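Participant: Residue numbers (my numbering): 1 to 461. Where a beta carbon is used, it is the ideal one built from N, C-alpha and C, also for glycine. Values in this document were obtained by computation on a predicted structure and should not be read as measured data.
#1: Quick one: what does DSSP say residue 135 is sitting in, helix, strand or coil?
#2: Measuring straight from C-alpha to C-alpha, what distance separates residue 174 and residue 230?
#3: Terminal residues of the continuous beta strand (DSSP E) containing residue 394?
#4: Terminal residues of the continuous alpha helix (DSSP H) containing residue 487?
#5: Quick test of your reading: residue 396 and residue 379, contact by CB under 8 Å. State the CB separation rounded to the nearest angstrom.
#6: In whole angstroms, give me the CA-to-CA distance for residue 152 and residue 46.
#7: Quick one: Cα of residue 216 to Cα of residue 166, how far?
#8: Once you ignore the five residues that flank residue 185 on each side, which residues in its own chain have a CB closer than 7 Å to its CB?
#9: Along the beta strand (DSSP E) that carries residue 352, what are the first and last residues, could you check?
#10: Taking all protein chains shown into account, do 16 or more other C-beta atoms lie within 10 angstroms of the C-beta of residue 87, making it buried, or fewer, making it exposed?
#11: When DSSP labels each residue in this structure, what does residue 420 get in the three-state scheme?
#12: As a quick exercise: from 109, 283, 340, pick the residue whose alpha carbon is nearest that of residue 256.
#13: Residue 213: buried (16+ other C-beta within 10 angstroms of its C-beta) or exposed?
#14: Between the segment 189-197 and the segment 64-75, can you find at least three pairs of beta-carbon atoms closer than 8 Å?
#15: Is it right to say residue 54 is buried, meaning 16 or more other beta carbons lie within 10 angstroms of its own, or is it exposed?
#16: Would you decide whether residue 137 is buried or exposed? Buried here means 16 or more other CB atoms lie within 10 Å of its CB.
#17: For residue 115, I'd like the list of residues in its chain whose CB is within less than 6 Å of its CB, leaving aside the five on either flank, ordered along the chain.
#18: Considering only the alpha carbon of each residue, which of 144, 235, 349 lies closest to residue 63?
#19: What separation, rounded to the nearest whole angstrom, lies between the Cα atoms of residue 376 and residue 368?
#20: Report buried or exposed for residue 232, applying the criterion of at least 16 other Cβ atoms within 10 angstroms of its Cβ.
#21: Anyone know if the C-beta pair for residue 410 and residue 433 falls short of 8 Å?
#22: If we call anything under 8 Å between Cβ atoms a contact, is residue 91 one with residue 119?
#23: Only counting runs of 4 or more residues, tell me where the alpha helix (DSSP H) segments fall wholly within the segment 126-204, in order along the chain.
#24: Would you identify the three-state DSSP class for residue 327, choosing helix, strand or coil?
#25: In whole angstroms, what separates the C-alpha of residue 194 from that of residue 331?
#26: Do residue 392 and residue 351 come within 8 Å of each other at the CB atom, strictly closer than that value?
#27: Buried or exposed: residue 28, going by 16 or more other Cβ atoms within 10 Å of its Cβ?
#28: So, is residue 34 buried or exposed, given that buried needs 16 or more other C-beta atoms within 10 angstroms?
#29: Following the continuous beta strand (DSSP E) through residue 82, name the residue where it begins and the one where it ends.
#30: Any idea which residues DSSP pairs residue 340 with across the strands?
#31: Do you know how far the Cα of residue 223 is from the Cα of residue 36?
#32: Based on Cα-Cα distance, which residue from 209, 199, 59 lies nearest to residue 141?
#33: Using the Cα positions of residue 170 and residue 32, report the straight-line distance between them to the nearest angstrom.
#34: I think residue 182 touches residue 52, with their Cβ atoms under 8 Å apart; what is that distance to the nearest whole Å?
#35: Can you name, in chain order, every residue of its own chain whose Cβ lies under 7 Å from the Cβ of residue 105, other than the five neighbours on each side?
This is the structure:
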């Protein structure tokens, strides 16, 4: 997965964790706000309700005393009104209400149920305003009694609380999102380093390693373990390559001596025809073995790298032309035709590289195409210029290579089963890949319905 695209960032585990964490924070914050509302604003409302209940009960108890009459009860109501400006009291007498409530609302509940209802309040300056009253109506011995308490903050209290709560939730959402973004960027930068390392190693850069930070965190521990693992793998590869090189180097000298002895013996006039044929075949086999050893040594040299100072501006068109000239003799033996196409109107592609290595890479591909293509077939080489790279395309009419084997054919000494009856040592494409890796290029294979297409990509100068 590409970690650099915005739509894919949202699908990373870090972003999923951030979203879950944000939802959890919002849930916890909302729960805390509910508790705050219950124990602050809710408690204020409950205190108002208790005040109404206590006032209602005390007035009913007074009204039920034997010595209380209607006029005395009205006096008690007026006395209560004078003592507290927040108390609303009204007694229905002969169809009219006595107290500080001019009109009783229609939706007034019956005690013990309480509800809010609006009233008009006139201040000392003569200004009229609307206030909310928490109260109820109850039947008394002297008529219906209305008891209520003015809640001065009813209109603004809930609005202020919910406004502040909304701002707080938005702030939590913003803070957690920004924190998640920063955390996501920090984590993904380390993950990208690991992903880039894997691609570099896969591309053949065995020296690539993860940078170690001074934070000594989990990523640093992982980077240390990965670097240690790559160091061990590198040592194992070098050990295997060194053993192979030593074997090839040590056997090349005695094999050369055997070959020279056979050639000297072959010149002996006493040898009959059968012996000469047998010795010719033996010399040919020794040549194949020595060619394999030489190719293995050359591949090891390429894998270890060459000095960049040996690179120079190189004309790819001329290299391809020289490779075709050398391969033409092989193609003529099978009646094959080699063709080369490139645009005359475009600039000749120039790359920074070592001429002999690039020539060997192109020739190896042509040699394979000639070997595995049928007689009297056509093998084409086409050069394409791109903005930052040039592409060498070589097509043949051979059996091709199955797609599942495209990666394996670049391994040392690997040969497709169908090609084992042909001469070869399974190092040609390995050398091609190693040579292109040294030039920061790459090779692609494409098997169509008939034949194989090899594409060599090299960065332009």
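Facilitator: Working from what's here:
#1: strand
#2: 42 Å
#3: 389-395
#4: Only positions 1 to 461 of the chain appear in this structure, which leaves residue 487 out of reach.
#5: 5 Å
#6: 15 Å
#7: 40 Å
#8: none
#9: 350-353
#10: buried
#11: Here the model assigns residue 420 a pLDDT of 43, short of 50, so the residue's position is not dependable, and the following value carries that caveat. Residue 420: coil per DSSP, three-state reduction.
#12: 283
#13: exposed
#14: no
#15: exposed
#16: buried
#17: 109
#18: 144
#19: 15 Å
#20: exposed
#21: yes
#22: no
#23: 154-202
#24: helix
#25: 47 Å
#26: no
#27: exposed
#28: exposed
#29: No beta strand (DSSP E) holds residue 82; the alpha helix (DSSP H) holding it covers 70-83.
#30: 381
#31: 47 Å
#32: 59
#33: 15 Å
#34: Wrong, their Cβ atoms sit about 53 Å apart, outside the cutoff.
#35: 117
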